[in-house]
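Protein chains in written order, with our numbering: chain C, 925 to 1208; chain G, 1167 to 1348. Positions of the beta carbon are idealized from the N, C-alpha and C atoms, including for glycine. Report on the following structure.
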């Protein structure tokens, strides 16, 4: 009899253990998320995707060098460059966008495609995205008379590969080999030199300071003959629907071809204040 | 010998039960955040639950990674910065009925449950009320609505642009539960 009760005991225990539901994750294959706070990181595009039918609106500004002091309100009075960028997610992987930068009045259309996504179980250790675009310089050069550039002189093209890894909750890093070509790199444009092609290696770092705030780093060493390096340092603040990005950079440039070909300045010549406002929304 | 039969009867009852147990066949959770200048909602269809009238047990959970608000970047921020789903993947409730309900077929019955409600790793003792209705098919329909204050679960509301996110979320559960052997 005692033996029988002993035999029953584990059955009864087993039954009571099943009283509560076992907690099981709905999906065990989860991608690593928020490698960066937004689709932009200081000036560079990131591997951070948009979902199907969502828009990203980025409003980006850079100003004059901060060494003007209070007289120019640390550069805010001088030489603002403003870029408005709107990007739309056609799927989980593909988005198309357009931007307009005030410097040289450049309209630029681009596509971004996410080939690989880093996975939480490390089955894929990296995220890899590609981006390419073409644009047109629409600045008014009437004053040049007959030398005024025509449409064939005004085209710009660029392409880049974004390779990123979120190493931990605290640290993410992206390497972005970039290439740009101007159909006719005229000296009247805000570019540094006349080259057949302009290349650079974008380096983006994110160091998370708190759940909603990160320190941001940027370097874009140029690869073409007369290249200067763009340096940037800033802070990203995620504030319930918006991501604010405040930074100091050596370059005024904001769109991809000009980030490579433009005057990227020197750290000793002074940094410029810049900021981006990022908003992602789905109107329908 | 009589005790012998008693034990077998107890065993059979434990193993087979009398169909007083229901498990979710489908379950949906929706939260609604109504802040001053921005309202949005999030939904998951992964609500899992169990109602056992014999043991007086009500046990529900949802994997918060499955909540979708319609904007991917907002979902990622919600998971990463607010709910911290890597550390605290589930919202869960385990409790019991204040009074075990009779469930006449076809009639909605208001029920009250009390127990432990855990979100973001913080456990709160809560009492929720809802409606249970037993269908002709034997399935149970559950509907419940309740409020959750983010500060009760140590979920931080952003100080900058605080008008984007309500400090109190309205939660609605809708589930169909199927009778099972315990």
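Annotation: the continuous alpha helix (DSSP H) that includes residue 1242(G) extends over 1238–1243. For the pair residue 1120(C) and residue 1249(G), the Cα-to-Cα distance works out to about 50 Å. According to DSSP, residue pairing for residue 1037(C) in a beta bridge involves 1018(C), 1054(C). Annotation: residue 973(C) to residue 1290(G) spans about 36 Å, alpha carbon to alpha carbon.
Given a length threshold of 4 residues, each whole run of the alpha helix (DSSP H) inside the stretch 1130–1201 of chain C is given here in chain order: 1180–1185. Secondary structure within the stretch 1279–1320 of chain G: not one fully enclosed alpha helix (DSSP H) run of 4 or more consecutive residues is present. Within the stretch 1205–1265 of chain G, complete alpha helix (DSSP H) segments of at least 4 residues are found at 1238–1243, given in chain order. Per DSSP, the continuous beta strand (DSSP E) segment holding residue 1090(C) begins and ends at 1079–1090. Contact of residue 1261(G) with chain C is not assigned, every C-beta pair being separated by 8 Å or more. A straight-line Cα-Cα distance of about 49 Å links residue 1189(G) and residue 1009(C).
Taking 8 Å as the cut-off, the Cβ atoms of residue 1175(C) and residue 1189(C) count as close. Contact check for residue 1027(C) and residue 1005(C): beta-carbon distance about 4 Å, within the 8 Å limit, so the pair qualifies.
The C-beta of residue 944(C) comes closer than 8 Å to at least one C-beta of chain G. The shortest C-alpha to C-alpha distance from residue 977(C) to any of 1019(C), 1058(C), 1171(C) is the one to 1019(C).
Within a 10 Å sphere around the beta-carbon of residue 1082(C) sit 16 or more other beta-carbons, which makes this residue buried.
At least one CB atom of chain C sits nearer than 8 Å to the CB of residue 1245(G). The beta carbon of residue 1054(C) sits closer than 6 Å to those of 1037, 1085, all from its chain and outside the five residues before and after it, given in chain order. What residue 951(C) touches in chain G, judged by beta-carbon distance under 8 Å, is 1229, 1231, 1232, going in chain order.
Straight across, the Cα-Cα distance linking residue 1215(G) with residue 990(C) is about 59 Å. When C-alpha distances from residue 1341(G) are compared across 1313(G), 1297(G), 1323(G), the shortest belongs to 1297(G). Taking 8 Å as the cut-off, the Cβ atoms of residue 1116(C) and residue 1186(C) count as close. For residue 1113(C), no beta strand (DSSP E) segment is defined, and its DSSP state is neither H nor E. The stretch 1120–1130 of chain C makes contact with the stretch 960–969 of chain C: 3 or more CB pairs, one atom from each, lie closer than 8 Å. What residue 1049(C) touches in chain G, judged by beta-carbon distance under 8 Å, is nothing: the nearest beta carbon there is about 17 Å away. Within chain C, the residues whose beta carbon sits less than 9 Å from that of residue 1242(G) are 957, 958, 972, listed in sequence order. Listed along chain C, the residues sitting closer than 7 Å to residue 1255(G) by beta-carbon distance are 949. Our two residues, residue 1201(C) and residue 1007(C), have alpha carbons roughly 11 Å apart in a direct line. The stretch 1154–1173 of chain C makes contact with the stretch 1134–1145 of chain C: 3 or more CB pairs, one atom from each, lie closer than 8 Å. A distance of 8 Å or more separates the beta carbons of residue 961(C) and residue 1092(C).
According to DSSP, residue 961(C) shares a beta bridge with no other residue. Of the candidates 1194(C), 1097(C), 1031(C), 1031(C) places its Cα closest to the Cα of residue 1182(C). Comparing alpha-carbon positions, the option among 1191(G), 1272(G), 1206(G), 1308(G) lying closest to residue 1278(G) turns out to be 1308(G).
Interface criterion met: the Cβ of residue 1238(G) is under 8 Å from a Cβ in chain C.
Not one beta carbon of chain C lies nearer than 8 Å to the beta carbon of residue 1318(G). Under the three-state reduction of DSSP, residue 996(C) is assigned to helix. Residues of the same chain with a CB within less than 7 Å of the CB of residue 1304(G), apart from the 5 flanking positions on each side, are 1345 in chain order.
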